[in-house]
Amino acid sequence: MNKLKILVNGIIKENPVLVLVLGTCPALAVTNSTINGVGMGLAATFVLICSNVVISLLKKVIPDKVRIPCYIVVIAGFVTVVQLMMQAYMKSLYDALGIFLSLIVVNCVILGRAEMFANKNSVFDSFLDGVGMGIGFTLALFLMGALREIFGAGTFCNIPIPGLSSQPIAILAQAPGGFFVYGFIIAMLNKVSHGKAVKRKTFDCESCPSHAGCSGALKGGCGR
Amino acid sequence: MKAVKEFVVPAAVLTAICLVVSAALAGTYQLTEPVIEAAKRAEADASRVVVLPGGADFKEVTVSGVENIVEAYEAGNGAGYVITGKAKGYGGDLQVMAGIDKDGKIAGVKLMDNNETQGIGSKTGEDAYTSQYKGKDSTLEGVTAVSGATISSKAFQSAVTSIFQAYGSLAGVEVAAPEAEDYKTVVFPDVTEFTEVALDGAKAAYKAGDAGYVIVIEAAGGWEHAAGPMEIYVGVANNGKIAGVAVGENHEAPPSPETAVVLKQDYLSSYIGKTSPDDVDNVSGATQTSRGIKKGVRTAMELAPALIGDTTPQVDLTVAEDGSASAVIGAVRVEIDATGKVAGVFAADETADLASVAPEEVKEAMDNALAAYNASKGA
Amino acid sequence: MSNLKVIAPAPHFRSGETTSSIMLSVVAALIPAVVVSFLVFGPRALLLEAVCVAASVLFEYLFRVLMCGRDNTIWDCSAIVTGLLLAFNLPVGIPLWMAVLGCAVAIIVTKQLFGGIGQNFANPAIVGRIFLLVSFGGSMTTWAAPNGYFGVDAVSGATPLAILKDPELGLKPLPDMLNMLLGIRGGSVGETCIVALVIGGIFLIWKKVITATTPVVFLATIVILSLCFGLNPAYELVAGGAVLGAFFMATDYATSPVTESGKVIFALGCGVITMLIRAFGSYPEGVSFSILLMNILTPHIDNLTRKKPFGGVVK
Numbered sequence: 052m053n054k055l056k057i058l059v060n061g062i063i064k065e066n067p068v069l070v071l072v073l074g075t076c077p078a079l080a081v082t083n084s085t086i087n088g089v090g091m092g093l094a095a096t097f098v099l100i101c102s103n104v105v106i107s108l109l110k111k112v113i114p115d116k117v118r119i120p121c122y123i124v125v126i127a128g129f130v131t132v133v134q135l136m137m138q139a140y141m142k143s144l145y146d147a148l149g150i151f152l153s154l155i156v157v158n159c160v161i162l163g164r165a166e167m168f169a170n171k172n173s174v175f176d177s178f179l180d181g182v183g184m185g186i187g188f189t190l191a192l193f194l195m196g197a198l199r200e201i202f203g204a205g206t207f208c209n210i211p212i213p214g215l216s217s218q219p220i221a222i223l224a225q226a227p228g229g230f231f232v233y234g235f236i237i238a239m240l241n242k243v244s245h246g247k248a249v250k251r252k253t254f255d256c257e258s259c260p261s262h263a264g265c266s267g268a269l270k271g272g273c274g275r
Numbered sequence: 011m012k013a014v015k016e017f018v019v020p021a022a023v024l025t026a027i028c029l030v031v032s033a034a035l036a037g038t039y040q041l042t043e044p045v046i047e048a049a050k051r052a053e054a055d056a057s058r059v060v061v062l063p064g065g066a067d068f069k070e071v072t073v074s075g076v077e078n079i080v081e082a083y084e085a086g087n088g089a090g091y092v093i094t095g096k097a098k099g100y101g102g103d104l105q106v107m108a109g110i111d112k113d114g115k116i117a118g119v120k121l122m123d124n125n126e127t128q129g130i131g132s133k134t135g136e137d138a139y140t141s142q143y144k145g146k147d148s149t150l151e152g153v154t155a156v157s158g159a160t161i162s163s164k165a166f167q168s169a170v171t172s173i174f175q176a177y178g179s180l181a182g183v184e185v186a187a188p189e190a191e192d193y194k195t196v197v198f199p200d201v202t203e204f205t206e207v208a209l210d211g212a213k214a215a216y217k218a219g220d221a222g223y224v225i226v227i228e229a230a231g232g233w234e235h236a237a238g239p240m241e242i243y244v245g246v247a248n249n250g251k252i253a254g255v256a257v258g259e260n261h262e263a264p265p266s267p268e269t270a271v272v273l274k275q276d277y278l279s280s281y282i283g284k285t286s287p288d289d290v291d292n293v294s295g296a297t298q299t300s301r302g303i304k305k306g307v308r309t310a311m312e313l314a315p316a317l318i319g320d321t322t323p324q325v326d327l328t329v330a331e332d333g334s335a336s337a338v339i340g341a342v343r344v345e346i347d348a349t350g351k352v353a354g355v356f357a358a359d360e361t362a363d364l365a366s367v368a369p370e371e372v373k374e375a376m377d378n379a380l381a382a383y384n385a386s387k388g389a
Numbered sequence: 017m018s019n020l021k022v023i024a025p026a027p028h029f030r031s032g033e034t035t036s037s038i039m040l041s042v043v044a045a046l047i048p049a050v051v052v053s054f055l056v057f058g059p060r061a062l063l064l065e066a067v068c069v070a071a072s073v074l075f076e077y078l079f080r081v082l083m084c085g086r087d088n089t090i091w092d093c094s095a096i097v098t099g100l101l102l103a104f105n106l107p108v109g110i111p112l113w114m115a116v117l118g119c120a121v122a123i124i125v126t127k128q129l130f131g132g133i134g135q136n137f138a139n140p141a142i143v144g145r146i147f148l149l150v151s152f153g154g155s156m157t158t159w160a161a162p163n164g165y166f167g168v169d170a171v172s173g174a175t176p177l178a179i180l181k182d183p184e185l186g187l188k189p190l191p192d193m194l195n196m197l198l199g200i201r202g203g204s205v206g207e208t209c210i211v212a213l214v215i216g217g218i219f220l221i222w223k224k225v226i227t228a229t230t231p232v233v234f235l236a237t238i239v240i241l242s243l244c245f246g247l248n249p250a251y252e253l254v255a256g257g258a259v260l261g262a263f264f265m266a267t268d269y270a271t272s273p274v275t276e277s278g279k280v281i282f283a284l285g286c287g288v289i290t291m292l293i294r295a296f297g298s299y300p301e302g303v304s305f306s307i308l309l310m311n312i313l314t315p316h317i318d319n320l321t322r323k324k325p326f327g328g329v330v331k
C-alpha cells in the first residue's frame, strides 16, 4: 500500500473513533474538556505507535495461540511506562487523566490495530499506521472535547467564552451529552464523505476480534 | 514432539515477552522513582512552608494522647511545628494543616482533604477565611465562621483546637482552650447568672437573673436538607415579650449566603419586643431557615406562660357616667371620650414623662384600653 | 413514496381520517388549555406557545426539505402538536431561545433523525422538555405564581408539588382545590388548568382519537399509590403534569403500545414511576421521566402483548 495512504487512512477514511467506532470509552469520558481530550489522545498515540512497532517486529515470533496475551503484555508495558513518565514530568496532566490513563491498555484502538494491521505488515508500515490512527484518534477527541466544552461549559481550554459561559447547555458536559455530540459528529462525517467512510472493505473474518461469537462468520462475512 | 511445539513454545514465548517487558518497566521505574519521590516530597514540603514560612528541614514526629491528629512535623531549624488535624465536617472528615511557630501562635493554616460542599463549605479553604487565623493563639479569639457554612467552619476550628493540643503535648507547654459560645448571654447580654429550670416541651430553660427566662427549643423544620435540628434560644422578658433570639447548634447550610444573615443578631433583633413571630419578615433567600426559627420562637412563646405566668396586660378601667373612660395599663394612662375614641395618652405616673415609655408600649396600651372599653360596653 | 399506488386486500373501508385531521383534533382539544394559559399567565404564554409552534414547523420544514431533500411533511400538523405540547411543559418566563432549542431537539433529534412521524423512539415534546430541564435547571424551575385570572405575580414561587415536598413550606398554604382545578397556581404554562385539560381529553375520547384506557389507568395508579405512600390522592392527581401527561403525552400513537392490554401495562408503569419519583426521588415531578422510560419500553410491551391474528400461528 502506498505509504502516504496508510498514514492518511487513519485520519478520515478509517478514523478509529468516528468510523471504526473503537475507543469510545475514553472518547466519551475525558472529552468534557478540550485539554483532557487532547492529552489522552497524545498519550494513546504514543502507546499505539510503540506497540504497533514492537508487535510488528515480533510478528513472526509470537505464536498464534498466545498472541492476544502477548499483545496485552506489550501494550500494558508501554502504558505503564507512559504513566510513570507522566507522573514524574507532567503531573498536572497525569492528575487530570486519572484512571483513564491506565485504561489505555484496554483501548480498543490499540489492540484492534495490533490485530488488524501490525501483525500482518512491515515495521515501517505499522509505524505509519500507528501515527495515522493516533492522529485520527487525537483529532476526534479534540473535536468532541472542544464541542462539549464550548457548548456545555462555555469555556475553551478553560478560558470562558463571553456570551456562552453564562448559560451553557449543561447537558452536553454530562454523559448523555457525550453521546449526543458523538452521534452528531459521526453523522456529520458521514454526510461530508457521502457515506464512503462507512465501508469497511479491509475486514476479514479471521482477524476480527469477535470472530468466535459472530453469526455472520458462518455466512462468510458480516455483510457490512 | 508436536506437543512441544503446541504447548511449550507458546508458553515460552509469552514468558520471554513478559520478562523483557518487566525488565523494561523496572528500568523505567528506577529512572522515574527518584523524580516522583522528590516531587512528592517537594510538594508536601512546599505546602508545609506555606503554613510555616521560615520552616525548613521537616522531620516527622509522633503525637501521643491527642485525638484527631493525622500527622505532625517538627521544623529542623526550630521554626516551629506543622501539624495536620481532622474533624467531622459537613461532608465527612476534613483535614487542616496548621503551622505553629515557636511562640505558640498560628503562622498559617491550610484546608487539606475534605468533602465539603463546593462553594459553601469549601470556602473554609479560601484565603478570606484562613487568613484570620494568622497570629492567633490557642484561644482562637475573634475567629468568625464562613457565612452559610457553619458546620464546616466549626469543624475547621475544632481541628485547629486539636492541633493546638498536639502542639502543647509536643512542645511541653500549656494551651488554653477556646471559649465556648454561650447563647444565653447573646439573648440577655446584661445578665450574668443563669440558673437552670425545668420546662416540659423545651430542650432546656434557664432563669436569667431578674430579667426573665431563656427557653431553648430544638426546632426541626429549618432548611429541608439539614442534617439535624436547630437550637433556638428565646429570651422571654418578665412582661411576656421577646427579649432576644439566638440560634445555637444548627445544620443550616443551604446554597445561599443569606443564611448567615438570618442567623445573626442584626436580623434576629427584629424579634425583640414582640410577643409572637407573626410580624417578623423572612429573610428572602433563607425562607426555610427563617420559618424554622419562627416555629421555634412560636413554641417557646407557647411554653413561656408556664414560667412567667399570665402576662396579659392588666387594664384598670374606670368608666365615667358620660360614657368616657380612663384606663391605666402598665405605665400608660389612656383617656377615652364618650364616642369611644382615644382622647389623650399620658404617663400613668403623674411625675413621669410619656416620652420615657416605649412607643410600642404606648400603642399596645391604647389598643388594650380600647379593647377593654369596647368590651365593657358590650360592643 | 407518495407516487406509489397502494394495494391492499379487502375489506376496502375508508374512515376519512388522515394524520392531519387527527392532529387537528388534538390541537382543538388543547385550545381550552391555551385560553386558560392566557388568562392565568398573560400574553407571554401565548407568545411562548406561538414561538414553539412556529419553531417546530420551521425545523421540520428545514430538515426535511433543505437538509434531506425529502418530501415536506409539515402539512400533517404533527409539528404543531409537538410545539404546543412542548410549550405547555415550560414555565412562562423561560427565555425564548431556550424554548426554540428545545423544539429543535424535539423535532430534529427525536423525530426526524429517527425517520419522521411514527418512527420516533419517545414522545418528542417529552425529550425536548427533559433536555431543557437537565441543561438549564435554573430557568426551567423558575415558576411564576398567578394570583387569579388576569393577574400574574412576577415573584417566583414554588409549585404545589414543591411545597408538598418540603414539609416546612407547609406553613405556606397550598392552593385550595378550586384553584388547583381552575389553574390558579404555579406551574408550567399548560399543566395548570385541570378543567380545561379534562375537557380536551374527553373531546379526544369522544372523537375516538384516543381510548380512555391510558389516561384512566395512569391517573388511577397515581391515586392508589398516593394512598399507599401516605400522600393526599386528590392533590397528587391534580398537581403537576399528571393530567396533561395522561391525556396528551402518554397517548402518542408512535410511542405507546398498540393493544389495549399493552396500554394498561404502559399506563401502570407510568403511574408507578411517577409516584416513586414524587415520593422518594429528589425531583418534585416525575411525569416526564416516567413517560420517557415507558416510551422506551413500548416495543417490548408490544412484543409481549401481541395478539394472535385470526387463524394465525402463535410463535
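Chains as they are written, first to last, in the numbering used here: chain Z, 52 to 275; chain L, 11 to 389; chain G, 17 to 331.
All C-beta atoms, glycine included, are put in the ideal place defined by N, C-alpha and C.
Exposed unless 16 or more other CB atoms sit within 10 angstroms - verdict on G:Val-329: For this step, residue 329 of chain G is matched to residue 313 along the third sequence. With fewer than 16 other Cβ atoms within 10 Å, it is exposed.
Nearest neighbour of L:Val-19, chosen from Z:Leu-194, Z:Ile-113 and Z:Val-232 [CA to CA]: Here residue 19 of chain L refers to the residue found at position 9 when the second sequence is read from its first residue. Out of Z:Leu-194, Z:Ile-113 and Z:Val-232, Z:Ile-113 has the C-alpha closest to the C-alpha of L:Val-19.
Residues that Z:Gln-138 bridges to, as DSSP identifies them: Residue numbering aside, residue 138 of chain Z sits at position 87 when the first sequence is read from its first letter. Per DSSP, none; premise fails for Z:Gln-138.
Own chain, CB closer than 6 angstroms to L:Asp-111, minus 5 neighbours either side, in chain order: Translated into the one-based positions of the second sequence, residue 111 of chain L becomes position 101. Cβ within range, chain order: Gly-90 and Ala-117.
For G:Arg-294, three-class secondary structure by DSSP: Working through the third sequence from its first residue, we reach residue 294 of chain G at position 278. DSSP places G:Arg-294 in helix when its eight states are reduced to three.
C-beta atoms of G:Val-69 and G:Ile-96 nearer than 8 angstroms: Against the third sequence, residue 69 of chain G aligns to sequence position 53. Against the third sequence, residue 96 of chain G aligns to sequence position 80. A contact, by the Cβ cut-off of 8 angstroms.
Uninterrupted beta strand (DSSP E) stretches inside the segment 138-213 of chain L (no shorter than 3 residues): 204-207
Any C-beta of chain L under 8 angstroms from that of Z:Gln-225: Walking along the first sequence from the start, residue 225 of chain Z turns up at place 174. Taking Cβ atoms only, chain L never reaches closer than 8 angstroms to Z:Gln-225, which makes this a no.
Under 8 angstroms between C-beta atoms of G:Val-303 and G:Thr-290: Position 287 of the third sequence, counting from 1, holds the residue named residue 303 of chain G. Position 274 of the third sequence, counting from 1, holds the residue named residue 290 of chain G. Against a cut-off of 8 angstroms, the Cβ pair of G:Thr-290 and G:Val-303 comes out as a contact.
Residues near Z:Ile-86 in its chain [Cβ-Cβ closer than 6 angstroms; skip 5 each side]: The sequence position of residue 86 of chain Z within the first sequence is 35, counting from 1. So the qualifying residues of the chain are Cys-208.
Where G:Ser-272 falls: helix, strand or coil (DSSP): Position 256 of the third sequence holds residue 272 of chain G. Correct three-state label for G:Ser-272: coil.
Cβ of G:Ser-172 within 8 angstroms of any chain Z Cβ: In the third sequence, residue 172 of chain G corresponds to position 156, counting from 1. For G:Ser-172, the predicted model reports a pLDDT of 46, less than 50, meaning its position is unreliable; a value from the coordinates is still stated below. No, no contact with chain Z.
9 angstroms Cβ cut-off: residues of chain G touching Z:Ala-221: On the first sequence, residue 221 of chain Z is found 170 positions in, with the first residue counted as 1. Correct list: Val-150, Ser-151, Phe-152 and Gly-153.
Span separating the alpha-carbon of G:Leu-149 from that of G:Asn-105: Counting from 1 along the third sequence, the entry for residue 149 of chain G is found at position 133. Counting from 1 along the third sequence, the entry for residue 105 of chain G is found at position 89. The alpha-carbon atoms of G:Leu-149 and G:Asn-105 are separated by roughly 10 angstroms.
L:Asp-326 - containing beta strand (DSSP E), residue span: Your numbering for residue 326 of chain L matches position 316 in the second sequence. Where L:Asp-326 is concerned, the enclosing beta strand (DSSP E) stretches over 325-329.
Three-way DSSP call (helix, strand, coil) for L:Pro-265 in this model: Indexing the second sequence from 1 puts residue 265 of chain L at position 255. In this prediction, L:Pro-265 has a pLDDT of 47, which is less than 50 and means its spatial position is unreliable; what the coordinates show is noted afterwards. For L:Pro-265, the three-state secondary structure derived from DSSP is coil.
Inter-residue Cα distance where the pair is L:Ala-2 and L:Leu-278: Examination of residue 2 of chain L is not possible in this model, given that chain L is present from 11 through 389 alone.
Chain Z contact for L:Val-14 (CB, 8 angstroms cutoff): For the purposes of this step, residue 14 of chain L is identified with residue 4 of the second sequence, where counting begins at 1. With 8 angstroms as the cut-off, L:Val-14 does not count as an interface residue toward chain Z.
One or two residues paired with L:Ile-93 in a DSSP bridge: As a first step, residue 93 of chain L must be located in the second sequence, where it is residue number 83. Partner(s): L:Ala-82 and L:Ala-108.
Residue environment, L:Lys-251, which counts as buried when at least 16 other CB atoms sit within 10 Å: As a position in the second sequence, residue 251 of chain L is number 241, starting the count at 1. Answer is buried; the Cβ neighbour count reaches 16.
Interface residues of chain L facing Z:Met-141 [CB-CB closer than 9 angstroms]: Here residue 141 of chain Z is taken as the residue at index 90 of the first sequence, counted from 1. Per Cβ cutoff of 9 angstroms: no residues; Z:Met-141 is ~11 angstroms from chain L at best.
Residue interval of the alpha helix (DSSP H) (run including L:Arg-51): Locating residue 51 of chain L in the second sequence gives position 41, counting from the first residue. Unbroken alpha helix (DSSP H) run through L:Arg-51: 19-61.
Paired residues, beta bridge with L:Ile-339 - DSSP: The count along the second sequence starts at 1 and reaches residue 339 of chain L at position 329. In the DSSP output, where bridge partners are listed per residue, L:Ile-339 has L:Val-325 and L:Val-342.
Euclidean distance between Cα positions of G:Ala-49 and G:Gly-153: Taking the third sequence and counting its residues from 1, one reaches residue 49 of chain G at position 33. Taking the third sequence and counting its residues from 1, one reaches residue 153 of chain G at position 137. Answer to the nearest angstrom: the Cα atoms are 25 angstroms apart.
One or two residues paired with L:Val-257 in a DSSP bridge: The sequence position of residue 257 of chain L within the second sequence is 247, counting from 1. Residue pairing by DSSP puts L:Val-257 in a beta bridge opposite L:Ile-242.
Minimum Cβ-Cβ distance from L:Tyr-143 to chain Z less than 8 angstroms: Here residue 143 of chain L corresponds to residue number 133 of the second sequence, with the count starting at 1. Not an interface residue.
Run of the alpha helix (DSSP H) containing L:Gly-64, from where it starts to where it stops: Position 54 of the second sequence, counted from the first residue, corresponds to residue 64 of chain L. Careful: L:Gly-64 lies outside any alpha helix (DSSP H) and carries neither H nor E.
Distance between G:Gly-85 and G:Lys-21 (C-alpha atoms, nearest Å): On the third sequence, position 5 is the one that residue 21 of chain G refers to. On the third sequence, position 69 is the one that residue 85 of chain G refers to. Near 21 angstroms, if we compare the C-alpha coordinates of G:Gly-85 and G:Lys-21.
Range covered by the beta strand (DSSP E) that runs through L:Ile-8: Because chain L spans 11 through 389 in this model, residue 8 of chain L falls outside it and cannot be assessed.
Cutoff 8 angstroms: Z:Gln-138 Cβ touching any chain G Cβ: Taking the first sequence and counting its residues from 1, the one referred to as residue 138 of chain Z is at position 87. No, because no Cβ of chain G sits closer than 8 angstroms to the Cβ of Z:Gln-138.
Residue range of the beta strand (DSSP E) that includes L:Ala-353: Taking the first residue of the second sequence as position 1, residue 353 of chain L is located at position 343. First-last of the beta strand (DSSP E) with L:Ala-353: 352-357.
Buried/exposed call for G:Gly-327, threshold 16 Cβ in 10 Å: Taking the third sequence and counting its residues from 1, one reaches residue 327 of chain G at position 311. With fewer than 16 Cβ atoms within 10 Å of its Cβ, G:Gly-327 is classed as exposed.
Three CB pairs or more closer than 8 angstroms across the segment 84-100 of chain Z and the segment 187-195 of chain Z: yes
Beta-carbon gap between L:Val-344 and L:Ala-365 smaller than 8 angstroms: As a working mapping, residue 344 of chain L is identified with position 334 in the second sequence. As a working mapping, residue 365 of chain L is identified with position 355 in the second sequence. For L:Val-344 and L:Ala-365, no; Cβs fall outside 8 angstroms.
G:Phe-305 at chain Z interface by Cβ criterion, 8 angstroms: As a position in the third sequence, residue 305 of chain G is number 289, starting the count at 1. So no, G:Phe-305 is outside the interface.
Within chain Z, the residues that G:Phe-147 reaches when beta carbons sit closer than 8 angstroms: Within the third sequence, the letter at position 131 stands for residue 147 of chain G. Here the neighbours are Ile-222.
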